[in-house]
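> In order, the protein sequences belong to chains A and B.
According to my numbering, the stretch in the first sequence is residues 16 to 350, in order.
According to my numbering, the stretch in the second sequence is residues 16 to 350, in order.
Number of protein chains: 2
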Amino acid sequence: MSGINIKKLALELNLSAATVSRALRDSYEISTETKQKVWAMAKKLNYEPNPSASNLRSQKSKTIAVIIPEVANNFFSQAINGIEEIARTRDYHVLIYQTHENSETEIAFIQRLLSGRVDGILISISKETDDNQLFKEIIKDIPVIFFDRVFKDIDAVKITTDDYESTYNATLHLIDCGCKKIAYLMGLSNLETGKKRIDGYTAALNDNDIAYKNELIMADCTDDDENYQQIKKLLITEKPDGIISSIEELALPCYYACKDLNLNIPADVKIISFSNLKTAPLLNPSLTTITQPAFEMGKEAATILFKILDKKYFESNETLILKSTLIKRGSTRCE
Amino acid sequence: MSGINIKKLALELNLSAATVSRALRDSYEISTETKQKVWAMAKKLNYEPNPSASNLRSQKSKTIAVIIPEVANNFFSQAINGIEEIARTRDYHVLIYQTHENSETEIAFIQRLLSGRVDGILISISKETDDNQLFKEIIKDIPVIFFDRVFKDIDAVKITTDDYESTYNATLHLIDCGCKKIAYLMGLSNLETGKKRIDGYTAALNDNDIAYKNELIMADCTDDDENYQQIKKLLITEKPDGIISSIEELALPCYYACKDLNLNIPADVKIISFSNLKTAPLLNPSLTTITQPAFEMGKEAATILFKILDKKYFESNETLILKSTLIKRGSTRCE
DNA sequence: CTGTTAGCGCTTTCAA
DNA sequence: TTGAAAGCGCTAACAG
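Written out as structure tokens, the structure reads:
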């Protein structure tokens with residue numbers, strides 16, 4: 016707010032505000048000569064158009080919102096990175112809202128955004144959220160793209176990773192390594208994401224005629240110590256030789272539980288966890304991870320949103336699925 | 016943008032727009048009865064005030080900007096978490112901008128923000144940035160708070176961690192563990208942050224009459240492989256028995272370099288790294304970390320910014336310093 | 001306590 | 001090719 020507005024700029028140039036406005040937007044109606052002058056003066060005076068005024072008039076905000084459970088999460092922070100990268104190329108601004116997995120917070124944010132503050136919304140729903148009724152209303156008013164954590168039945172663009180296949184392959188990997196008793200730590204049980212993942216696990220067991228199956232459903236994963244206790248109990252009573260952790264947050268308590276029971280990883284029990292931790296190779300013992308393309312997903316989601324805003328998106332709203340990578344490390348390897 | 020504005024709301028209520036506006040802002044001039052009616056109708060019609068109009072009129076945006084090098088970074092994502100948490104309590108919106116350590120990008124963002132889009136800025140400067148001239152101009156126009164990576168000479172609120180003390184103590188810890196040849200991996204060499212950290216290292220060596228000193232200055236840390244090569248060379252030629260890594264990004268290449276040289280950590284070489292990795296206990300071999308209070312710093316920075324916006328900040332602009340924690344783990348322990 | 005009116009800074013007809 | 005004027009939706013001064 017350097018105090019300089021379009022009127023002053025016009026005055027300085029002996030032109031009308033209308034002409035200056037048009038020149039700044041490179042309108043065909045303005046002579047090249049005038050444009051040059053306007054641009055030069057705008058630069059000289061450090062003129063920046065007032066976004067409120069401009070937005071009010073044009074009914075566009077040049078802003079998008081990202082609603083996610085947590086920023087301080089390897090997956091989501093990488094996704095934001097991708098989103099911001101695309102937004103920048105379009106001179107768009109990115110608003111961030113964290114739900115902390117709370118459905119009410121989520122709803123409150125969305126309600127507030129239905130005021131023209133943003134041109135579109137990218138959202139990964141909280142794990143508490145099971146009712147999509149509100150969302151079905153919202154998408155009539157504003158473009159919304161769901162990424163990673165999406166609703167099953169909603170007519171909007173949805174981007175996920177191959178939750179079923181990646182878990183299937185991870186389970187297969189453990190089977191190939193000789194595991195007979197593979198347990199599954201289930202997070203996000205309320206969401207499609209969580210359901211698809213466990214389906215992959217179950218299917219892989221079935222396809223390989225493995226009868227043993229054990230699903231530890233972690234309804235609320237926020238309490239590390241509680242997670243640790245539960246996993247420890249599982250280890251004691253079930254003595255699994257393989258574990259699949261469907262969310263990164265459970266890898267640490269799982270590791271501790273093994274350690275405290277003097278279980279050798281991976282000799283006694285092999286662990287695979289979903290994880291987008293960049294320094295995962297540092298993990299001990301060598302942990303095989305299912306790594307999601309978070310950055311790419313952010314880019315993809317933003318790109319599609321901009322296509323919609325440009326009215327250049329003509330695909331049907333089928334779910335777009337990106338591939339995760341099973342990163343095998345250290346002695347979990349069995350090739 | 017549900018199409019409903021204050022005029023329609025007023026019409027519906029047989030009141031003037033002004034009265035409705037006042038009622039919505041809970042003005043003392045309006046009767047309780049009228050307020051009730053207005054609130055009820057606003058709720059019924061899902062009225063959300065148009066922020067552009069409101070901002071334009073009031074010259075406030077209810078939005079703050081956060082400018083940081085990277086979102087996908089343990090420290091910064093935790094800081095954003097803290098910022099967002101405070102902003103939410105104030106019904107403020109948070110815009111995120113990533114500089115990717117590029118000074119030009121940083122300047123471009125700031126220029127664009129000088130238009131009333133935001134009421135204040137929280138910034139952690141890029142490691143490329145050495146000229147604070149622009150910033151000295153900026154802070155005259157808009158409240159700016161510098162956090163973590165700050166300028167030395169600028170009359171604004173600055174929040175950092177105890178870079179000197181934490182590195183001093185870390186070095187001391189290695190000395191206590193019996194290290195004689197402690198090397199230092201220096202990142203952020205351009206910034207005060209980087210300089211303070213290395214000063215702590217040097218001082219600890221001096222205070223303990225240790226002559227050996229080796230600083231590997233990593234000007235550009237973006238290339239993991241390059242880092243790896245340099246550290247490996249250091250290990251071969253210098254054979255340090257202790258390493259302090261001044262930034263988290265160097266911990267992994269350092270670990271790899273040791274591993275490839277068949278060096279046992281911590282028996283042959285002990286490593287301490289700055290790191291805000293939440294799953295750090297999983298690290299192998301047990302890595303002692305200097306962990307910064309990122310979340311608290313975000314909260315603190317936002318809180319002070321709001322005090323300034325409320326014109327309730329009366330302290331002088333001295334640097335506020337938060338304490339980092341040296342988290343000792345596993346066999347690096349020497350107590 | 002409520003209404004009328006003007007205007008925030010910009011864009012966009014419409015007219016010249 | 002440019003200018004005059006209206007108005008986006010809201011708030012605040014002023015009037016009653």
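Each residue gets a CB set at the ideal place from its N, CA and C atoms; glycine is no exception.
1) Between the C-alpha atoms of Leu337/B and Val81/A, what's the straight-line distance to the nearest angstrom?
2) Any chance you could list the alpha helix (DSSP H) runs of at least 4 consecutive residues sitting entirely within the segment 24-70 of chain A, in chain order?
3) What residues in the segment 74-89 of chain B have a beta carbon less than 9 Å from any beta carbon of chain A?
4) With Gly135/A as the anchor, note down where its beta strand (DSSP E) starts and where it stops.
5) Taking the beta carbon of Thr34/A as the centre, do at least 16 other beta carbons fall within 10 Å, making it buried, or is it exposed?
6) Quick check: is the beta carbon of His188/A nearer than 7 Å to any beta carbon in chain B?
7) Within its chain, find whatever has a CB closer than 6 Å to the CB of Asn89/A; leave out the 5 residues flanking it on each side and keep chain order.
8) Could you check whether the segment 109-129 of chain A touches the segment 101-112 of chain B, counting it as contact only if at least three pairs of C-beta atoms, one from each stretch, sit closer than 8 Å?
9) In chain order, what residues of the same chain have a beta carbon less than 6 Å from the beta carbon of Leu39/A, not counting five sequence neighbours either side?
10) Drop a sphere of 10 angstroms on the beta-carbon of Ile232/A, count the other beta-carbons inside from all chains shown, and report buried for 16 or more, exposed for fewer.
11) Please return the same chain residues whose Cβ sits closer than 6 Å to the Cβ of Ser181/B, not counting the five positions on each side in sequence.
12) By a C-beta neighbour count over all protein chains shown, 10 Å radius and 16 as the cutoff for buried, is Phe18/B buried or exposed?
13) Quick check: is the beta carbon of Ile19/A nearer than 7 Å to any beta carbon in chain B?
14) Following the continuous beta strand (DSSP E) through Gln113/B, name the residue where it begins and the one where it ends.
15) Closer than 7 Å by beta-carbon distance: list the chain A residues that pair up with Arg127/B, in chain order.
16) Residues of chain A with a CB under 7 Å from the CB of Arg344/B: which are they?
17) With 7 Å set as the bound, which would you pick, yes or no: does the beta-carbon of Gln93/B sit closer than that to a beta-carbon of chain A?
18) Rounded to the nearest angstrom, what separates Cys349/B and Asp283/B at their Cα positions?
19) Please state whether DSSP places Ile232/A in a helix, a strand or coil.
20) What in chain A is Cβ-close to Leu292/B, meaning under 7 Å?
21) Is it buried or exposed, Lys327/A, if we count other Cβ atoms within 10 angstroms and call 16 or more buried?
22) Am I right that Thr208/B and Asp163/B are in contact with their C-beta atoms under 8 Å? What's the rounded C-beta distance?
23) Tell me the DSSP secondary structure of Ile173/B in three-state form.
24) Closest to Cys192/B by C-alpha separation, out of Asp275/B, Ile286/B, Tyr270/B, would be which residue?
25) In this structure, does DSSP put Phe289/B in helix, strand or coil?
26) Report yes if the CB atom of Thr11/A is closer than 7 Å to the CB atom of Tyr216/A, and no otherwise.
27) Thinking Asp41/A and Lys50/A are a contact (beta carbons under 8 Å), I'd like their distance in whole angstroms, please.
28) For Asp275/A, which option in Asn20/A, Thr294/A, Ile251/A, Ser288/A has the closest C-alpha, if you only look at C-alpha atoms?
29) Taking the Cβ atom as the reference point for each residue, do Asp239/A and Pro268/A lie within a distance shorter than 7 Å?
30) For Lys167/A and Leu149/B, I'd like the C-alpha separation in whole angstroms.
31) Taking CB distances under 7 Å as the criterion, tell me whether Gly193/B reaches chain A.
32) For Glu241/B and chain A, any beta-carbon pair shorter than 7 Å?
33) Comparing C-alpha positions only, which one of Leu200/B, Asn279/B, Gln307/B, Asn205/B sits nearest to Tyr243/B?
34) Mind listing the chain B neighbours of Glu99/A? Cutoff is C-beta to C-beta under 8 Å, in chain order.
35) In chain order, what are the residue ranges of uninterrupted alpha helix (DSSP H) at least 4 long that sit wholly in the segment 172-224 of chain A?
36) Under 8 Å Cβ-Cβ, which residues of chain B neighbour Leu71/A?
To lay it out plainly:
1) Here residue 337/B is taken as the residue at index 322 of the second sequence, counted from 1. Here residue 81/A is taken as the residue at index 66 of the first sequence, counted from 1. Their Cα atoms are separated by approximately 30 Å.
2) 32-39, 47-59
3) Gln74, Ser76, Thr78, Ala80, Val81, Glu85, Val86, Ala87, Asn88, Asn89
4) Within the first sequence, the letter at position 120 stands for residue 135/A. Residues 135-138.
5) The residue labelled residue 34/A in the question sits at position 19 within the first sequence. Thr34/A is buried by the Cβ-count criterion.
6) Residue numbering aside, residue 188/A sits at position 173 when the first sequence is read from its first letter. For His188/A, the answer is no, since every Cβ of chain B falls outside 7 Å of its Cβ.
7) Counting from 1 along the first sequence, the entry for residue 89/A is found at position 74. Taken in chain order, the residues that qualify are Asn291, Leu292.
8) yes
9) In the first sequence, residue 39/A corresponds to position 24, counting from 1. Closer than 6 Å at Cβ, skipping near neighbours: no residue.
10) Counted from its first residue, the first sequence places residue 232/A at position 217. Ile232/A comes out exposed.
11) Within the second sequence, the letter at position 166 stands for residue 181/B. Contacts found: Ile305, Ser339.
12) For the purposes of this step, residue 18/B is identified with residue 3 of the second sequence, where counting begins at 1. First, the amino acid is wrong: residue 18/B is Gly here, not Phe. Gly18/B is exposed by the Cβ-count criterion.
13) As a first step, residue 19/A must be located in the first sequence, where it is residue number 4. No, Ile19/A does not count as interfacial toward chain B.
14) The sequence position of residue 113/B within the second sequence is 98, counting from 1. First-last of the beta strand (DSSP E) with Gln113/B: 108-113.
15) On the second sequence, residue 127/B is found 112 positions in, with the first residue counted as 1. Within 7 Å Cβ-Cβ: Glu63.
16) Taking the second sequence and counting its residues from 1, one reaches residue 344/B at position 329. Going along chain A, no residue has its Cβ under 7 Å from Arg344/B, so there is no contact; the nearest lies around 11 Å.
17) On the second sequence, position 78 is the one that residue 93/B refers to. With 7 Å as the cut-off, Gln93/B counts as an interface residue toward chain A.
18) Residue numbering aside, residue 349/B sits at position 334 when the second sequence is read from its first letter. Residue numbering aside, residue 283/B sits at position 268 when the second sequence is read from its first letter. Reliability fails at Cys349/B, whose pLDDT of 48 lies under 50, so the model's placement of it is uncertain and the value that follows must be treated cautiously. Taking the straight line joining both Cα atoms gives about 14 Å.
19) Taking the first sequence and counting its residues from 1, one reaches residue 232/A at position 217. Here Ile232/A sits in strand by DSSP.
20) By one-based count along the second sequence, residue 292/B stands at place 277. Result: Thr294.
21) In the first sequence, the residue the question calls residue 327/A occupies position 312. It is exposed - the Cβ of Lys327/A has fewer than 16 other Cβ atoms within 10 Å.
22) Counting from one through the second sequence, the residue named residue 208/B turns up at place 193. Counting from one through the second sequence, the residue named residue 163/B turns up at place 148. Correct: roughly 7 Å between the Cβ atoms.
23) Sequence index remark: in the second sequence, residue 173/B carries index 158 (1-based). For the record, residue 173/B in the displayed sequence is Lys; it is not Ile. Strand at Lys173/B.
24) In the second sequence, residue 192/B corresponds to position 177, counting from 1. Answer by Cα proximity: Ile286/B.
25) Taking the second sequence and counting its residues from 1, one reaches residue 289/B at position 274. Reduced to three states, the DSSP call for Phe289/B is strand.
26) Limits of chain A in this structure are 16 at one end and 350 at the other, which puts residue 11/A out of reach.
27) Here residue 41/A corresponds to residue number 26 of the first sequence, with the count starting at 1. Here residue 50/A corresponds to residue number 35 of the first sequence, with the count starting at 1. Yes, Asp41/A and Lys50/A are in contact; Cβ-Cβ is about 7 Å, under 8 Å.
28) Taking the first sequence and counting its residues from 1, one reaches residue 275/A at position 260. It is Ile251/A whose Cα lies nearest to the Cα of Asp275/A.
29) Here residue 239/A refers to the residue found at position 224 of the first sequence. Here residue 268/A refers to the residue found at position 253 of the first sequence. A contact, by the Cβ cut-off of 7 Å.
30) In the first sequence, counting from the first residue as 1, residue 167/A sits at position 152. In the second sequence, counting from the first residue as 1, residue 149/B sits at position 134. When rounded, the distance between both Cα atoms is 50 Å.
31) Looking up residue 193/B in the second sequence gives position 178. Chain A contact via Cβ: absent.
32) Sequence index remark: in the second sequence, residue 241/B carries index 226 (1-based). No, Glu241/B lies away from the interface with chain A (no Cβ there is under 7 Å from its Cβ).
33) The residue labelled residue 243/B in the question sits at position 228 within the second sequence. Tyr243/B has its Cα closest to that of Leu200/B, out of Leu200/B, Asn279/B, Gln307/B, Asn205/B.
34) Counting from one through the first sequence, the residue named residue 99/A turns up at place 84. Those are Val86, Ile111, Tyr112, Gln113, listed as they occur along chain B.
35) 178-191, 207-222
36) If you number the first sequence from 1, residue 71/A lands on position 56. Per Cβ cutoff of 8 Å: Asn65, Ser67, Ala68, Leu71.
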